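In what follows, a structure is listed as C-alpha cells, so that the remarks can point back to it.
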Amino acid sequence: ILLLNRSICSQMATDSSESISLKTNDGKVFKVLVSEVAKAETIRRMCADIPASDDDEEIPLHNINSTIFTKVLEWLKHHKDDPEMPEDDENREKRTDDIPPWDQEFLKVDQGTLFEIILAANFLDIKGLLDVACKTVANMIKGKTPEEIRKTFNIANDFTPQEEEQIRKENSWCEEK
Numbered sequence: 008i009l010l011l012n013r014s015i016c017s018q019m020a021t022d023s024s025e026s027i028s029l030k031t032n033d034g035k036v037f038k039v040l041v042s043e044v045a046k047a048e049t050i051r052r053m054c055a056d057i058p059a060s061d062d063d064e065e066i067p068l069h070n071i072n073s074t075i076f077t078k079v080l081e082w083l084k085h086h087k088d089d090p091e092m093p094e095d096d097e098n099r100e101k102r103t104d105d106i107p108p109w110d111q112e113f114l115k116v117d118q119g120t121l122f123e124i125i126l127a128a129n130f131l132d133i134k135g136l137l138d139v140a141c142k143t144v145a146n147m148i149k150g151k152t153p154e155e156i157r158k159t160f161n162i163a164n165d166f167t168p169q170e171e172e173q174i175r176k177e178n179s180w181c182e183e184k
C-alpha cells in the first residue's frame, strides 16, 4: 500500500524537500523524499488519480515487498540526479555492454531478486532501472545455446525431439555457423 498526501503529490515536480510514506505489501513503511522517487512514473500517475478531497488516500502496491523496495530505493537514490532517459529510438542499435559499473555491482544478486527487481521497476515504471536490469539478463543469455539457457534459468524443455528438430530447420537461417 502506498500512502500519499494529495498536496504533496501535486508538488512532486516542484518541491523535492517534501516526503511521502510508502507501504509495501508486507507492511513496512518507507518515508522517502519526493525527489528520491521522482523517477517512478507510476507514483506520479497514482498521485494524479487521487481526488483532491482524499488527503490521505491509500494506494496499494500489492506486488512489491520491503526487501525488493529497499533495493529499488537504493537504485533510485543513487540515480536521483541523473538526466531523463531518451525516448526509445527504433532505429538505434540496442546494446548490452553499456551498463555503468555501479549498476553492474548493484545487480549482482541472485536470479530471484533480479527478476523481482525487474517486476518492481516495470510496475513502478522506472525506465533506467528496467533497462539495466533487462540488459543484465540479456548478458546472462548472450552466446549460450538453448540448452545452456534452460540450465541457467531452470527451464524445462517441453519440446519433443521431433518438435525441436522442426524448429531448428525452420530457424536455421539464424544459427551461427
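Every position in the sequence shown, counted from 1, becomes a number in our numbering once 7 is added.
Positions of the beta carbon are idealized from the N, C-alpha and C atoms, including for glycine.
Note that the structure is a prediction, hence the values are computed from the model and not measured.
Next item on the list: Just mark F166 as buried or exposed, buried being the case when its beta carbon has 16 or more other beta carbons within 10 Å.
Entry: Residue numbering aside, residue 166 sits at position 159 when the sequence shown is read from its first letter. F166 comes out exposed.
Taking the beta strand (DSSP E) that V36 falls in, what are its first and last residues? Counting from 1 along the sequence shown, the entry for residue 36 is found at position 29. That run of the beta strand (DSSP E) goes 36-40.
query: Considering only residues of the same chain and omitting the five flanking positions on each side of A47, which have a CB-CB separation below 6 Å?
result: On the sequence shown, residue 47 is found 40 positions in, with the first residue counted as 1. Cβ neighbours of A47 beyond the five flanking positions: L131, I133.
Cβ contact (3+ pairs, closer than 8 Å) linking the stretch 136-147 and the stretch 118-125: yes
*Take the Cβ of D89 as the centre, count every other Cβ of all protein chains shown within 10 Å, and call the residue buried at 16 or more, exposed below.*
Position 82 of the sequence shown holds residue 89. With fewer than 16 other Cβ atoms within 10 Å, it is exposed.
Check: Quick one: Cα of W180 to Cα of F76, how far?
Finding: For this step, residue 180 is matched to residue 173 along the sequence shown. For this step, residue 76 is matched to residue 69 along the sequence shown. Their backbone Cα atoms lie some 43 Å apart in a straight line.
* For T74, which option in P153, E171, D33 has the closest C-alpha, if you only look at C-alpha atoms? -> For the purposes of this step, residue 74 is identified with residue 67 of the sequence shown, where counting begins at 1. Here the closest residue by C-alpha is D33.
Problem - Simplified DSSP state of K176, which is helix, strand or coil - result: As a first step, residue 176 is located in the sequence shown; it is residue number 169 there, counting from the start. Helix at K176.
Whole angstroms is fine: what's the gap from I174's alpha carbon to R102's? If you number the sequence shown from 1, residue 174 lands on position 167. If you number the sequence shown from 1, residue 102 lands on position 95. Computed Cα separation, rounded: 27 Å.
* Got a sec? Which residues, its chain only, sit under 7 Å from N164 by beta carbon, not counting five neighbours each side? -> Your numbering for residue 164 matches position 157 in the sequence shown. Around N164: R157.
Along the chain, where does the alpha helix (DSSP H) that runs through L114 open and close? Taking the sequence shown and counting its residues from 1, one reaches residue 114 at position 107. It is not in any alpha helix (DSSP H) - L114 carries neither H nor E in the DSSP assignment.
message = What residue range does the alpha helix (DSSP H) around D138 cover?
response = The sequence position of residue 138 within the sequence shown is 131, counting from 1. Run containing D138: 134-148, per the alpha helix (DSSP H) assignment.
With the cut-off set at 8 Å, would you say L126 and N70 are in Cβ contact? What you label residue 126 is simply residue 119 of the sequence shown in a count that begins at 1. What you label residue 70 is simply residue 63 of the sequence shown in a count that begins at 1. Taking 8 Å as the Cβ cut-off, L126 and N70 qualify as a contacting pair.
| said: My output table needs one value for P108: the three-state DSSP class, helix, strand or coil. | reply: Within the sequence shown, numbered from 1, the residue matching residue 108 stands at position 101. If DSSP states are grouped into helix, strand and coil, P108 belongs with the helices.
How would you write the range of the alpha helix (DSSP H) that I156 sits in, first residue to last? Position 149 of the sequence shown, counted from the start, is the residue given in the question as residue 156. Run containing I156: 153-160, per the alpha helix (DSSP H) assignment.
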